[in-house]
Amino acid sequence: MISVREKIAYGLGDTASNIIFQTVMMFLLLFYTDVVGLSPAVVGTMFLFVRLIDAVTDPIMGHLADKTRTKRGQFRPYLLWLALPFALISILAFTTPDLTGNNKVIYAFVTYTLLMIAYTAINIPYCGLGGVITADAKERVTVQSYRFVFGMLGGVIVAGATMPMVEWFGQGDTAKGYQYTMVAMSSLGVVLFLLCFLGTKERVKPPENQDSSMKENLQSLWKNDQWRILCIASFYLLTGQVLRLTLAVYYVKYFLGREDLITSFLTLGVVASMIGCAVAQPLAKRVCKIKAYIALQSLSAVICLASFLISPDQIILAFVAFIAWTFFLDMASPLLWAKMADTIDYGHKKTGIRVTGLVYSGVIFFIKMGIAIGGALAGWLLTFYGYQADLEQSEATKQGLLLSFTVLPALGSFAVAWVMRKYTLTEQRVVQIQVELSTETK
Numbered sequence: 042m043i044s045v046r047e048k049i050a051y052g053l054g055d056t057a058s059n060i061i062f063q064t065v066m067m068f069l070l071l072f073y074t075d076v077v078g079l080s081p082a083v084v085g086t087m088f089l090f091v092r093l094i095d096a097v098t099d100p101i102m103g104h105l106a107d108k109t110r111t112k113r114g115q116f117r118p119y120l121l122w123l124a125l126p127f128a129l130i131s132i133l134a135f136t137t138p139d140l141t142g143n144n145k146v147i148y149a150f151v152t153y154t155l156l157m158i159a160y161t162a163i164n165i166p167y168c169g170l171g172g173v174i175t176a177d178a179k180e181r182v183t184v185q186s187y188r189f190v191f192g193m194l195g196g197v198i199v200a201g202a203t204m205p206m207v208e209w210f211g212q213g214d215t216a217k218g219y220q221y222t223m224v225a226m227s228s229l230g231v232v233l234f235l236l237c238f239l240g241t242k243e244r245v246k247p248p249e250n251q252d253s254s255m256k257e258n259l260q261s262l263w264k265n266d267q268w269r270i271l272c273i274a275s276f277y278l279l280t281g282q283v284l285r286l287t288l289a290v291y292y293v294k295y296f297l298g299r300e301d302l303i304t305s306f307l308t309l310g311v312v313a314s315m316i317g318c319a320v321a322q323p324l325a326k327r328v329c330k331i332k333a334y335i336a337l338q339s340l341s342a343v344i345c346l347a348s349f350l351i352s353p354d355q356i357i358l359a360f361v362a363f364i365a366w367t368f369f370l371d372m373a374s375p376l377l378w379a380k381m382a383d384t385i386d387y388g389h390k391k392t393g394i395r396v397t398g399l400v401y402s403g404v405i406f407f408i409k410m411g412i413a414i415g416g417a418l419a420g421w422l423l424t425f426y427g428y429q430a431d432l433e434q435s436e437a438t439k440q441g442l443l444l445s446f447t448v449l450p451a452l453g454s455f456a457v458a459w460v461m462r463k464y465t466l467t468e469q470r471v472v473q474i475q476v477e478l479s480t481e482t483k
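In terms of this note's numbering, the sequence shown opens at residue 42 and continues consecutively.
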């Protein structure tokens with residue numbers, strides 16, 4: 042059994058990651074359009090283009106993590122090495138230098154690219170660490186539940202503190218406010234990454250005689266059909282989720298017409314996510330993880346669709362729908378990440394090669410592709426529907442915003458539920474695989 046203290050320490054690493062991840066999802070598009078002055082279409086295209094770079098960096102980082110051997114472990118050292126660089130790059134990404142025209146675009150592109158590379162370099166080893174803390178299938182769900190509860194704590198910090206901190210630090214200078222806010226949040230992130238490093242232990246070791254090349258590891262990974270299913274599901278999931286979360290600020294500000302409620306709307310949504318993540322572990326003890334995951338995605342989709350019928354004057358109902366959506370959607374998150382660890386055992390049994398880092402880097406690549414497509418769609422759709430920053434929007438723009446915030450994310454969750462019907466790694470099958478692997482190594 043893993044101690045509660047260690048589970049908390051592992052979760053704090055995701056608090057640190059989410060301070061940046063949730064800031065990017067909730068505020069980066071708004072920062073670029075309303076503070077830096079870039080067009081939504083340019084920002085959306087930039088979000089998508091940087092993902093092409095991830096196609097190279099993600100598998101390289103996963104392979105590098107798999108090859109790492111130190112006295113501190115295989116994955117933990119990266120938290121120590123990269124916490125400070127990640128923080129500094131995060132600050133640069135939310136800095137607005139005195140530039141004009143295309144130079145603004147170039148600066149945004151370079152700093153955003155560096156931010157995503159840094160995120161890859163620290164987050165893939167962090168996720169890999171979750172796969173080697175324990176080999177027990179039930180404990181994996183518990184570990185991931187702690188991770189996501191504490192990860193959502195990072196979201197609560199971002200949702201509840203970002204705008205007030207921007208106003209407090211900026212004193213009328215929004216650009217300065219964002220920069221100083223990221224200094225404070227990134228500093229907290231460094232401390233949390235170090236606590237995660239100090240408080241965790243790697244227990245599942247790679248095979249001692251494994252010395253496969255990157256080509257062999259990639260070939261082994263591709264033969265893992267269950268991993269491929271999770272990649273596709275993750276892409277659809279994050280595309281819809283990021284589209285909705287990115288547009289949440291615009292939905293409250295322009296469709297509901299209540300800019301003063303943005304912080305409350307986002308904060309309550311993240312709190313509901315935390316509660317949903319906490320409920321995942323007892324849920325997984327009582328029902329099949331696969332059936333539960335499909336049901337939760339379907340329910341989330343229905344809530345999204347129903348939100349289309351909410352009018353601007355139904356403020357409370359809009360809050361309830363958003364809170365319910367985040368609750369059920371993130372109740373499913375720990376279940377998905379526990380399945381990733383299961384596919385590592387499955388792939389090891391099927392091919393004889395254990396590629397923990399590559400499994401996570403592959404899924405994370407598709408997650409980031411979903412983030413990119415979702416973010417790009419948000420920018421493109423705002424442009425398509427005639428969005429004008431800080432102006433009263435036309436009725437056509439508001440309706441387009443509503444459609445993009447409700448119906449399109451619902452399609453993403455429905456697609457996830459459809460894809461996951463082919464996932465077959467039940468708890469019983471995972472236990473059988475682990476027994477067979479244990480027998481083979483004796």
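Virtual Cβ for every residue (Gly too), placed ideally from N, Cα, C.
These numbers come from a predicted model, not from an experiment.
| Asked | Found |
| --- | --- |
| Less than 8 Å between the CB atoms is what I'm expecting for residue 430 and residue 74, so what's the real figure, rounded? | 5 Å |
| Identify the continuous alpha helix (DSSP H) that holds residue 462 and give its terminal residues. | Note, residue 462: premise wrong, no alpha helix (DSSP H); not H, not E. |
| What residue from 189, 229, 326 and 72 has the CA that sits closest to residue 469's CA? | 326 |
| Residue 327 lies in the alpha helix (DSSP H); which residues open and close that run? | 303-327 |
| What is the C-beta distance between residue 437 and residue 453, in whole angstroms, given that I count them as a contact (C-beta under 8 Å)? | Contact flag wrong, Cβ pair sits at about 24 Å. |
| Return the bridge partner residues of residue 111 from the DSSP annotation. | 114 |
| Rounded to the nearest angstrom, what separates residue 476 and residue 175 at their Cα positions? | 15 Å |
| Please classify residue 469: does DSSP put it in a helix, a strand, or coil? | helix |
| Determine the DSSP secondary structure at residue 249, reduced to helix, strand or coil. | coil |
| Assuming residue 168 and residue 401 form a contact by the criterion Cβ under 8 Å, report the distance between their Cβ atoms to the nearest whole angstrom. | 4 Å |
| Rounded C-beta distance between residue 403 and residue 272? I'm assuming under 8 Å. | 6 Å |
| Determine the direct distance from the alpha carbon of residue 145 to that of residue 424, and round the result to whole angstroms. | 19 Å |
| For residue 40, which residues from the same chain have a beta carbon less than 8 Å from its beta carbon, with the 5 sequence-adjacent residues on both sides left out? | Missing from the structure shown is residue 40; the chain here goes from 42 to 483 and no further. |
| Apart from the five residues on each side of it in sequence, which residues of its chain come closer than 8 Å, Cβ to Cβ, to residue 309? | 360, 363 and 364 |
| Between 166, 203, 155 and 78, which has its C-alpha nearest residue 141's C-alpha? | 78 |
| With three or more beta-carbon pairs closer than 8 Å as the criterion, would you say the region 55-66 touches the region 190-207? | yes |
| Are the Cβ atoms of residue 381 and residue 194 separated by less than 8 Å? | no |
| When we look at the beta-carbon of residue 42 and count the other beta-carbons within 10 Å, is it buried (16 or more) or exposed? | exposed |
| Of all Cβ atoms in chain D, is any one closer than 8 Å to the Cβ of residue 136? | No chain D is present in this structure, which holds just one protein chain. |
| Look at the alpha carbon of residue 54 and the alpha carbon of residue 226, and state the distance between them as a whole number of angstroms. | 14 Å |
| Out of 434, 392 and 450, state which residue places its alpha-carbon closest to the alpha-carbon of residue 411. | 450 |
| So, is residue 480 buried or exposed, given that buried needs 16 or more other C-beta atoms within 10 angstroms? | exposed |
| Measuring alpha carbon to alpha carbon, tell me which of 379, 247 and 295 ends up nearest residue 356. | 295 |
| Do residue 292 and residue 184 have their C-beta atoms closer together than 8 Å? | no |
| Excluding the five sequence neighbours on either side, which residues of its own chain have a C-beta within less than 7 Å of the C-beta of residue 216, listed in chain order? | 76 and 137 |
| Three or more beta-carbon pairs under 8 Å between the region 120-132 and the region 226-235, yes or no? | yes |
| What is the DSSP secondary structure of residue 226, counted as helix, strand or coil? | helix |
| Give the straight-line distance between the Cα atoms of residue 378 and residue 472, rounded to the nearest whole angstrom. | 17 Å |
| Find out if the Cβ-Cβ distance for the pair residue 417, residue 85 is shorter than 8 Å. | yes |
| Does the distance from the CB of residue 166 to the CB of residue 90 come in under 8 Å? | no |
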